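Worksheet: one structure, shown below.
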Amino acid sequence: MAISVEAPLISHREDRLDDDSYSDHSDADDVGVEWPAGRPGLFIWLLTLSAGISGLLFGYDTGVISATLVSIGTSLSGKDLNSLDKSAVTSCTALFALLASPISSIFADRFGRKPVILLSDLLFVFGALVQALSTSVLGMVLGRSIVGAAVGAASFVTPLYIAELAPPAYRGMLVTMNVLSITLGQVVAYIIGWIFAEHGDPSTGWRWMVGLGALPAILQCILLLLMPETPRWLVKAGKSAEARQIIEKTIGSDADSHRFLIDSVVKSIEIEIREEQGNALLATNGRKSRSSLLQGWHELLRVPKNRRALVIACLLQGLQQLCGFNSLMYFSATIFTMLGFSIPTLTSLTVAATNFTFTILALVSIDRIGRRRILLYSIPFMTIGLFLSAFGFSLIRLPSGGTNVGDHIPVTADATSISSRQAAIVILLSIMIYVASYALGLGNVPWMQSELFPLNVRSLGSGLATATNWLANFIIGLTFLPL
Ligand SMILES: O[C@H]1[C@H](O)[C@@H](O)[C@H](O)[C@@H](O)[C@H]1O
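Here the sequence shown stands for residues 20 to 502, numbered as in the working numbering.
Rendered as structure tokens:
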């Protein structure tokens, strides 16, 4: 089937969401022109990598908390952190991400996608400094909250930015590049955490761990000077000539021979916007007075296909978090400490590394296999991994009490011939099965959310779906340790 010139996102025919490929392909029929064959050009790769720094920061700041929690000792408020302190320090990030994502969706519509990336970078730098300099639990919570707002904005805007610039046939792969950056950020955070936890100064090592998060944000601020706004936002803002130039660059060196294609892409975006404005007027019975924000909500909730897209996007984002993956991301060092591993920060690196490795596999296969099918194949393996891990835990009796290093020496449950060491290995392996299958499907497919929405409600719909992700993330972060 011909690859579509279409608009970087799906056409919104009623039947489309049930399609096996979940999105893309085949609006060529609508416009009758083909996107040039071949891999995405250098320009697109550079943009994806520059935008991907946001993913790296998202991953670094969510991953670094694992080693920080086991290294912080009595540095804050002069006492060991209890479970409640740890839960508060961890979950405030998700809470502020939850608040920031819908707000930044409004900013992204009004001012463009790029200013939101810049704002998130400034927050990343400020939050890193506040954390590194904090002397009390409250100060740390403040720093983690600022970083949370940054992560919320970045996690919403970066996939949207990439999706709106990507050629249709490679959109899945390029958006997954951003998830790959997240998982790479988590691997880097775990390595840095392990180095500082094992070899750094116990009283200041954790400050370096959290403070280093400022560096990639500064780099991205500089790169932003060279990054363009997305063609879709530019057309929507009445800057079609500028949009045309960006599309020309994304097509690459022989853009001249694709002038018809470029015109068609711009025209199709203009038509889509006009149709959507027309629909909006119809939906409000011709009353023009509604503010555009209210109109967006109205469009999203009252138009059946938009409502269906919203339900699917929110459901996928909610499930991504409620499956509990991030309880590992945040607390794996704590869990492996409880299981008696001698270098828990190193053991927990296997979680981040497995996540990263299998996201690479998702990256190369997602556009071929399809979003829906990759979910159907991977979720059963997640279930198997979780059951196996529950079995492993049933073999060990963990003494109740705190969650600090040295609090626990696991013992084998009575009447088993398995040693606590063997049970810990079973748990580690089952966690790896679970993480690998998560990374293939649920870890990345929900971030393709922008494909589900038409342009007029894309930002709002993606913002709400991202907020759902952070709400579920917050619940998991807050309840896991006390449970
Ligand atoms: O897609 C990402 C990825 O799976 C990360 O590893 C995880 O920590 C995030 O919560 C998720 O949104």
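Even for Gly, the Cβ is constructed at its ideal location relative to N, Cα and C. Everything numeric in this text was worked out from a predicted model, so none of it was measured.
**Request:** Assign R416 to one of three DSSP states: helix, strand, or coil.
**Result:** The answer is strand: DSSP assigns R416 an E or B state.
**Asked** By Cβ distance, which residues of its chain are closer than 7 Å to G146, with the 5 residues on each side in sequence left out?
**Response** Residues of the same chain with a CB within less than 7 Å of the CB of G146, apart from the 5 flanking positions on each side, are G162, I165, V166, A169 in chain order.
**Request:** Output the residue ranges of the alpha helix (DSSP H) runs that lie fully inside the region 437-494 and measure 4 residues or longer, sorted by chain position.
**Result:** Taken in chain order, the complete alpha helix (DSSP H) segments of 4 or more residues contained in the region 437-494 are 439-459.
**Request:** Evaluate S276 with the Cβ neighbour count: other Cβ atoms within 10 Å of its Cβ, from every protein chain shown; 16 or more gives buried, anything less gives exposed.
**Result:** So S276 ends up on the exposed side.
**Item:** Nearest neighbour of T402, chosen from R390, G389, L461 [CA to CA]
**Value:** Distance from the Cα of T402 is smallest, within the candidate group R390, G389, L461, for L461.
**Prompt:** Got a sec? Which residues, its chain only, sit under 8 Å from L502 by beta carbon, not counting five neighbours each side?
**Reply:** Cβ within range, chain order: n/a, list empty.
**Message:** Judging by CA-CA distance, which residue of V156, L459, V476, A443 is the nearest neighbour of H317?
**Reply:** Of V156, L459, V476, A443, the residue nearest in Cα terms is V476.
**Asked** When you compare only the Cα positions, how much space is there between G158 and L407?
**Response** Rounded to whole angstroms, the separation of the alpha carbons of L407 and G158 is 40 Å.
**Message:** Quick check on G232: does DSSP put it in helix, strand or coil?
**Reply:** Correct three-state label for G232: coil.
**Prompt:** What alpha helix (DSSP H) runs, 4 residues minimum, are completely inside the region 186-249?
**Reply:** Given a length threshold of 4 residues, each whole run of the alpha helix (DSSP H) inside the region 186-249 is given here in chain order: 190-218, 224-230, 233-243.
**Prompt:** Under a three-way DSSP split, which group does C342 fall into?
**Reply:** C342: coil per DSSP, three-state reduction.
**Asked** Taking the alpha-carbon positions, what's the S40 to G359 distance?
**Response** Unreliable placement is indicated for S40, whose pLDDT of 41 sits below 50; the coordinate value is still reported in the next sentence. Looking at the two C-alpha atoms, the distance is approximately 44 Å.
**Prompt:** Would you say A216 and S90 are within 8 Å of each other, going by their C-beta atoms?
**Reply:** Yes, the pair counts as a contact, with Cβ atoms nearer than the cut-off.
**Request:** Counting only the same chain and skipping the five closest in sequence on each side, list residues whose C-beta sits under 7 Å from that of L490.
**Result:** For L490, where only same-chain residues beyond five positions count, the Cβ hits under 7 Å are L117.
**Request:** Could you have a look at G257 and say whether DSSP puts it in helix, strand or coil?
**Result:** Here G257 sits in coil by DSSP.
**Prompt:** Starting from I181 and walking both ways along the alpha helix (DSSP H), at which residues does that stretch end?
**Reply:** In this chain, the alpha helix (DSSP H) harbouring I181 covers 156-184.
**Prompt:** Are the region 339-356 and the region 450-468 touching, with three or more C-beta to C-beta distances below 8 Å?
**Reply:** Flag = yes, the region 339-356 and the region 450-468 touch.
**Asked** Going by the CB atoms, is the gap between A260 and P59 shorter than 8 Å?
**Response** The answer is no: Cβ separation not under 8 Å.
**Asked** Quick one: is L245 buried, meaning 16 or more other Cβ sit within 10 Å of its Cβ, or exposed?
**Response** Its Cβ having fewer than 16 others within 10 Å, L245 is exposed.
**Asked** Hey, how far is the Cα of W466 from the Cα of Q336?
**Response** Going by the C-alpha atoms only, they are around 8 Å apart.
**Request:** Name the two residues that bound the continuous alpha helix (DSSP H) containing I362.
**Result:** Bounds of any alpha helix (DSSP H) do not take in I362, whose DSSP letter is neither H nor E.
**Asked** Under three-state DSSP, which class holds R58?
**Response** Of the three classes helix, strand and coil, the one that applies to R58 here is coil, per DSSP.
**Request:** Could you tell me if the beta carbon of M348 falls within a distance shorter than 7 Å of some heavy atom in ligand 1?
**Result:** Because some heavy atom of ligand 1 lies under 7 Å away, the Cβ of M348 counts as near it: yes.
**Asked** Does the distance from the C-beta atom of T376 to that of G212 stay below 8 Å?
**Response** Contact flag unset, no.
**Asked** If you check the beta carbons only, do Y180 and R132 fall under 8 Å apart?
**Response** Yes, the pair counts as a contact, with Cβ atoms nearer than the cut-off.
**Asked** CB-CB under 8 Å to E289, same chain, minus the five flanking residues each way: which ones, in chain order?
**Response** If we look at E289 and ignore the five residues flanking it on each side, its Cβ neighbours are V254, S259.
**Prompt:** Does the region 228-239 come close enough to the region 409-417 that 3 or more CB-CB pairs lie under 8 Å?
**Reply:** Per the Cβ contact rule, the region 409-417 is not in contact with the region 228-239 (fewer than 3 Cβ pairs under 8 Å).
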